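Q: With positions in the sequence shown counted from 1, the corresponding number in the numbering used here is that position plus 1494.
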Amino acid sequence: MSEAQRSALNALLFRTGDQSRDIVLVLATNRPGDLDSAVTDRIDEVIEFPLPGEEERLKLLKLYLNKYLCDDNNGSKGGFFLKKQPQKIAIKDLSEDVFREAATKTEGFSGREIAKLMASVQAAVYGRPDCILDAQLFREIVDYKVVEHHQRLKLAAEGGQPCQI
């Protein structure tokens, strides 16, 4: 822990040592195991928000498709500063079944992982000369991200130990 982190933790612990009617502290993390025990000791209530279910993942996939690939600026930030606007993305052959298949395959994904998946879809489309998103490319990116997700889970389960070659 760095000196700055230690100072921040000490300030938090000092300010949260007693009950207060004036202060409500809300902590949010997707890594509760990383919280210091002195911090978790001061938590009065815990609310868990589970990972999205299949229907929620389906809605998130469509939401991020619209955000990253269908908006007028295709999700790019700072378009005002760019001299050239990004090429328009064309979407072909993306049916409801393709989205449902992706929602099923992404079991265990967080909302952030789904957003990153769709950002990867956007990047892959921009990597094509025609800027066309079709079902085949979409499935390839989803499959790649699912494998990546499982590799990340395996690495975390192994405690982040380096692989023996």
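Ideal Cβ placement from N, Cα and C applies to all residues, glycine included. If you're wondering where the values come from, they're calculated on a predicted model, not measured in any experiment.
Keeping to the same chain, check which residues put their C-beta closer than 8 angstroms to that of T1602; ignore five residues upstream and five downstream.
A: Correcting the residue type first, residue 1602 is Gly in the shown sequence and not Thr. Taken in chain order, the residues that qualify are L1545, H1643, L1647.
Q: Helix, strand or coil: how does DSSP classify K1639 here?
A: K1639 falls in the helix class under three-state DSSP.
Q: Using CA atoms only, rank isn't needed, just tell me which of S1531, G1653, P1623, K1599 is closest to E1634.
A: Here the closest residue by C-alpha is K1599.
Q: Could you have a look at A1584 and say whether DSSP puts it in helix, strand or coil?
A: In this structure, A1584 counts as strand in the three-state DSSP scheme.
Q: So the candidates are V1641, P1526, A1597; which of them puts its Cα closest to the Cα of K1556?
A: Ranking V1641, P1526, A1597 by Cα distance to K1556 puts A1597 first.
Q: Excluding five sequence neighbours on each side, which residues of the same chain lie with their C-beta closer than 8 angstroms to the C-beta of Q1499?
A: So the list is empty, once near-sequence residues are dropped.
Q: For the alpha helix (DSSP H) containing L1554, list its first residue and its last residue.
A: Where L1554 is concerned, the enclosing alpha helix (DSSP H) stretches over 1548-1559.
Q: By how many angstroms is the C-alpha of F1543 removed from the C-alpha of L1554?
A: So the two alpha carbons sit approximately 16 angstroms from each other.
Q: Please tell me whether K1639 and S1614 are closer than 8 angstroms, where the distance is taken between their beta carbons.
A: Contact flag set, yes.
Q: Among L1519, I1517, V1518, T1534, which one has its Cα closest to the Cα of R1525?
A: The candidate whose alpha carbon is nearest that of R1525 is T1534.
Q: What would DSSP say about L1627, mapped onto helix, strand or coil?
A: Of the three classes helix, strand and coil, the one that applies to L1627 here is strand, per DSSP.
Q: Note down the Cα distance separating Q1630 from C1564, rounded to an integer number of angstroms.
A: So the two alpha carbons sit approximately 18 angstroms from each other.
Q: According to DSSP, simplified to helix, strand and coil, what is G1527?
A: G1527: helix per DSSP, three-state reduction.
Q: Take the Cβ of I1541 as the centre, count every other Cβ of all protein chains shown within 10 Å, and call the residue buried at 16 or more, exposed below.
A: Exposed, because fewer than 16 other Cβ atoms sit within 10 Å of the Cβ of I1541.
Q: In three-state terms, what does DSSP make of V1615?
A: Note: V1615 maps to helix in three-state DSSP.
Q: Check whether the Cβ atoms of L1627 and F1593 sit closer than 8 angstroms, and answer yes or no.
A: Result no, Cβ atoms of L1627 and F1593 do not sit closer than 8 angstroms.
Q: Are L1611 and V1636 closer than 8 angstroms when you measure CB to CB?
A: For L1611 and V1636, yes; Cβs fall inside 8 angstroms.
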